[in-house]
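Trainee: First to last, the protein sequences are chains A and B.
First residue of the first sequence: 1, per this note's numbering; consecutive thereafter.
First residue of the second sequence: 117, per this note's numbering; consecutive thereafter.
Just so you know, even glycine gets a beta-carbon here, dropped at the ideal spot from N, CA and C.
Computed from a predicted model, the values in this text were never measured in an experiment.
Below is a structure I'd like to ask you about.
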Amino acid sequence: AQTVTQSQPEMSVQEAETVTLSCTYDTSENNYYLFWYKQPPSRQMILVIRQEAYKQQNATENRFSVNFQKAAKSFSLKISDSQLGDTAMYFCAFMNSGGSNYKLTFGKGTLLTVNP
Amino acid sequence: SQTIHQWPATLVQPVGSPLSLECTVEGTSNPNLYWYRQAAGRGLQLLFYSVGIGQISSEVPQNLSASRPQDRQFILSSKKLLLSDSGFYLCAWSSGLAGETQYFGPGTRLLVL
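If you want it as structure tokens, here you go:
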């Protein structure tokens, strides 16, 4: 079974600075998908960024980018120019591309606080 | 564009009472639908998923059940709630294609007393 590990329960960063959230996963599959979701205090899960394992290029969405290291099974999220609105719980998630391609496996999350 | 609705937003129920949470999706047809539960301080756990009307798969044996009476409607039910059913319930949808992103609704906070 796939597992997703987020080793940082909590992190904080000053407004306008850069922060990196860590995520590692365990799988024997070669093709899969990785996601970062954000859960603000409203608790709605919002997609931040998505990465297909077959793509070597790291995904980028505005201030959010990932460092995908397939061999190391690592998928970190970098937030540049942090804003107060980035304060949220961040979840890393894994999805297989095979028969169980519906199931998202989540890490336990990292609570990020952006300080003014 | 697609939107997903859940209601109620908050629910307080006594132990042993029934439960019905509803999820509807607009702007798409034949979506995959999912129910997740998030316990306090933890990640999300998939409870049920559906790839079509009347087709329900359960991931975790428990006190809950799910039904899909219409293409874009997904219902989470229980005949008798337990204290351990308390949590935050999220509905999500995706297209039927492999590896597609799941998009989540606003969630329902359930407190069983």
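Is there a C-beta anywhere in chain A that falls below 9 Å from the one on B/Gln127?
Mentor: Position 11 of the second sequence holds residue 127 of chain B. The amino acid at residue 127 of chain B is misidentified as Gln; the sequence shows Leu. No, no contact with chain A.
Trainee: Suppose you measure from the CA of B/Ile191 to the CA of B/Leu197; what does that come to, to the nearest Å?
Mentor: Taking the second sequence and counting its residues from 1, the one referred to as residue 191 of chain B is at position 75. Taking the second sequence and counting its residues from 1, the one referred to as residue 197 of chain B is at position 81. Approximately 15 Å, taken between the alpha carbons.
Trainee: Listing by chain order, which chain A residues have their CB less than 9 Å from the CB of B/Pro147?
Mentor: Along the second sequence, read from residue 1 onward, the residue named residue 147 of chain B stands at position 31. Here the premise fails: no neighbours, minimum Cβ distance about 11 Å.
Trainee: A/Asp81 by DSSP, collapsed to three states: which one?
Mentor: Counted from its first residue, the first sequence places residue 81 of chain A at position 81. In this structure, A/Asp81 counts as coil in the three-state DSSP scheme.
Trainee: Leaving aside the five residues before and after A/Leu104 along the sequence, list all residues of the same chain whose C-beta is less than 8 Å from its C-beta, in chain order.
Mentor: If you number the first sequence from 1, residue 104 of chain A lands on position 104. For A/Leu104, where only same-chain residues beyond five positions count, the Cβ hits under 8 Å are Phe35, Ala93, Phe94 and Met95.
Trainee: Under a three-way DSSP split, which group does B/Ser200 fall into?
Mentor: For the purposes of this step, residue 200 of chain B is identified with residue 84 of the second sequence, where counting begins at 1. Looking at B/Ser200 - three-state DSSP - the assignment turns out to be helix.
Trainee: Taking Cβ-Cβ distances shorter than 7 Å, what residues in chain B pair up with A/Met95?
Mentor: Numbered from 1 along the first sequence, position 95 holds the residue referred to as residue 95 of chain A. The answer, in chain order, is Gly215.
Trainee: Pick helix, strand or coil for A/Asp26, following the three-state DSSP scheme.
Mentor: Walking along the first sequence from the start, residue 26 of chain A turns up at place 26. Strand.
Trainee: When the Cα atoms are used, what is the spatial distance from A/Ser44 to A/Lys70?
Mentor: Along the first sequence, one-based indexing puts residue 44 of chain A at 44. Along the first sequence, one-based indexing puts residue 70 of chain A at 70. One point to set straight first is that residue 44 of chain A is Gln, not Ser, in the sequence displayed. Taking the straight line joining both Cα atoms gives about 29 Å.
Trainee: Please classify B/Trp151 as buried or exposed, where buried requires at least 16 neighbouring CB atoms within 10 angstroms.
Mentor: Here residue 151 of chain B refers to the residue found at position 35 when the second sequence is read from its first residue. Buried.
Trainee: Is any beta-carbon of chain B found at less than 9 Å from that of A/Phe2?
Mentor: Residue mapping note: residue 2 of chain A aligns to position 2 of the first sequence, counting from 1. Note that residue 2 of chain A is Gln in the sequence shown here, rather than Phe. By this cut-off, A/Gln2 is not an interface position.
Trainee: At a Cβ cut of 9 Å, what residues of the region 26-46 of chain A count as close to chain B, listed as they run along the chain?
Mentor: For the region 26-46 of chain A, which is checked against every Cβ of chain B, the residues closer than 9 Å are Asn31, Tyr32, Tyr33, Phe35, Tyr37, Gln39, Ser42, Arg43, Gln44, Met45 and Ile46.
Trainee: To the nearest whole angstrom, what separates the beta carbons of B/Pro124 and B/Trp209, a pair I think is in contact under 8 Å?
Mentor: The residue given as residue 124 of chain B occupies position 8 in the second sequence. The residue given as residue 209 of chain B occupies position 93 in the second sequence. That belief does not hold up - the Cβ atoms of B/Pro124 and B/Trp209 are roughly 19 Å apart, past 8 Å.
Trainee: Are A/Thr113 and A/Glu10 touching if we call contact CB-CB under 9 Å?
Mentor: The sequence position of residue 113 of chain A within the first sequence is 113, counting from 1. The sequence position of residue 10 of chain A within the first sequence is 10, counting from 1. Taking 9 Å as the Cβ cut-off, A/Thr113 and A/Glu10 qualify as a contacting pair.
Trainee: Closest by CA to A/Leu111, which one among A/Val4, A/Ser22, A/Thr3 and A/Gln2?
Mentor: One-based indexing of the first sequence puts residue 111 of chain A at position 111. Closest by alpha carbon: A/Ser22.
Trainee: Any contact between the region 126-139 of chain B and the region 201-221 of chain B? By contact I mean 3 or more CB pairs, one from each, below 8 Å.
Mentor: They touch, by the three-pair rule.
Trainee: Would A/Gln56 pass as a contact of A/Asp26 if the rule is Cβ separation under 9 Å?
Mentor: As a position in the first sequence, residue 56 of chain A is number 56, starting the count at 1. As a position in the first sequence, residue 26 of chain A is number 26, starting the count at 1. Taking 9 Å as the Cβ cut-off, A/Gln56 and A/Asp26 do not qualify as a contacting pair.
Trainee: How close, in whole Å, do the beta carbons of B/Leu149 and B/Ser166 come, if the pair is a contact with beta carbons under 8 Å?
Mentor: Mapped onto the second sequence, residue 149 of chain B falls at position 33. Mapped onto the second sequence, residue 166 of chain B falls at position 50. The Cβ separation is near 5 Å, so the contact holds.
Trainee: State the start and end residues of the unbroken beta strand (DSSP E) segment that holds B/Tyr165.
Mentor: Counting from 1 along the second sequence, the entry for residue 165 of chain B is found at position 49. Leu160 to Gly168 is the span of the beta strand (DSSP E), which, as asked, contains B/Tyr165.
Trainee: For my contact list, B/Leu180 and B/Leu163 are in at a C-beta cut-off of 8 Å; report their separation, rounded to the angstrom.
Mentor: Taking the second sequence and counting its residues from 1, the one referred to as residue 180 of chain B is at position 64. Taking the second sequence and counting its residues from 1, the one referred to as residue 163 of chain B is at position 47. Their Cβ separation, rounded to whole angstroms, is 6 Å, which keeps B/Leu180 and B/Leu163 in contact under 8 Å.
Trainee: Give every residue of the same chain whose Cβ lies closer than 6 Å to the Cβ of A/Phe68, excluding the five residues on either side of it in the sequence, and list them in chain order.
Mentor: As a position in the first sequence, residue 68 of chain A is number 68, starting the count at 1. Correct list, in chain order: Gln51, Asn58 and Phe75.
Trainee: Can you give me the C-alpha to C-alpha distance between B/Gln178 and A/Asp81, rounded to a whole angstrom?
Mentor: Here residue 178 of chain B refers to the residue found at position 62 when the second sequence is read from its first residue. Here residue 81 of chain A refers to the residue found at position 81 when the first sequence is read from its first residue. Distance between the alpha carbons of B/Gln178 and A/Asp81: 44 Å.
Trainee: Mind checking A/Ile46: buried by the 16 CB within 10 Å criterion, or exposed?
Mentor: If you number the first sequence from 1, residue 46 of chain A lands on position 46. Per the 10 Å Cβ criterion, exposed.
Trainee: Going along chain A in order, which residues have a C-beta closer than 9 Å to the C-beta of B/Phe204?
Mentor: Mapped onto the second sequence, residue 204 of chain B falls at position 88. Within 9 Å Cβ-Cβ: Arg43.
Trainee: To the nearest angstrom, how far is it from the Cα of B/Ser193 to the Cα of B/Ala182?
Mentor: Taking the first residue of the second sequence as 1, we reach residue 193 of chain B at position 77. Taking the first residue of the second sequence as 1, we reach residue 182 of chain B at position 66. One C-alpha to the other measures close to 6 Å.
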